[in-house]
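Okay, so here's the structure we're looking at.
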Amino acid sequence: YAHTYGIVEKGKEAYIEDLHSTISQYIRRERSPLFFVDKTVYQWLDPWFASLGIIAEPAFNKNQNSFYIKTVSKILRPIENILIIQLTLVYFFALIGVIKRWKRREELSIFEIYFFGGFLFQLVWEQRSRYCLPYFLICFLFATEGIITLIEFNSDHTTVITDRRS
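Residue numbering for the sequence shown follows this note's numbering, starting at 6 and increasing by one per position.
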């Protein structure tokens, strides 16, 4: 037990030393805070959530001119365009849904807590975009609320225009 405790203490000390070093690098402007912006863009705007790298990278590294790589790359380009559109729409409608909830001053749901906690975790700690996928799926719930909000807004304004014409 004493041996294990010593290893844990050494790990803790190394972690704290590394953390202090990293923070001081940001304070001295040796590292740019824009790193977090770039990291967030990379993680959350990857329409594949790094799934292609997991599957295709070993095959690509083996033989870049293989039939598999050539075929898959031609098939996946149009699919990627569709995924980018889907990603954009989900984020857009999710933003509307979250703004509506915020304006109604509703309590945070477990889904919002899960998403924002995961977002902060990804921002500070994790670097792989594939771990954003579960949090992205929560955005579908927010996006649904955003779509409903826009439908209600549209129907309210359509009724006003129709009433004015009468």
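Note that beta-carbon positions come from the ideal geometry of N, C-alpha and C, so glycine has one too. Nothing here was measured: the structure is a model prediction, and the numbers come from that model.
Any non-hydrogen atom of the ligand ZN closer than 7 angstroms to residue i Cβ
i: Gln30; result: Because no ligand of any kind appears in the structure shown, any question about the ligand ZN cannot be addressed here.
Spatially closest choice to residue i from the options, by CA coordinates
i: Pro52; options: Tyr119, Trp107, Phe147 and Tyr96; result: Tyr96
i: Phe121; options: Lys108, Arg135, Arg110 and Phe147; result: Phe147
i: Thr154; options: Ala99, Lys44 and Ile90; result: Ala99
i: Ile80; options: Asn68, Gln91, Glu117 and Leu57; result: Leu57
i: Phe145; options: Ile84, Glu111 and Leu94; result: Leu94
i: Glu150; options: Gly123, Glu131, Leu138 and Glu117; result: Glu117
i: Leu142; options: Phe124, Asn159 and Phe158; result: Phe124
Collapsed DSSP secondary structure at residue i in the structure displayed
i: Pro52; result: coil
i: Ser114; result: coil
i: Arg82; result: helix
i: Gln132; result: coil
i: Glu150; result: helix
i: Ser71; result: coil
i: Pro38; result: coil
i: Arg106; result: helix
Exposure label - residue i; buried when at least 16 CB within 10 Å
i: Phe54; result: buried
i: Ile156; result: exposed
i: Gly102; result: buried
i: Ile32; result: exposed
i: Ser29; result: exposed
i: Gln127; result: buried
i: Tyr140; result: buried
i: Ser134; result: buried
i: Gln91; result: exposed
i: Gln48; result: buried
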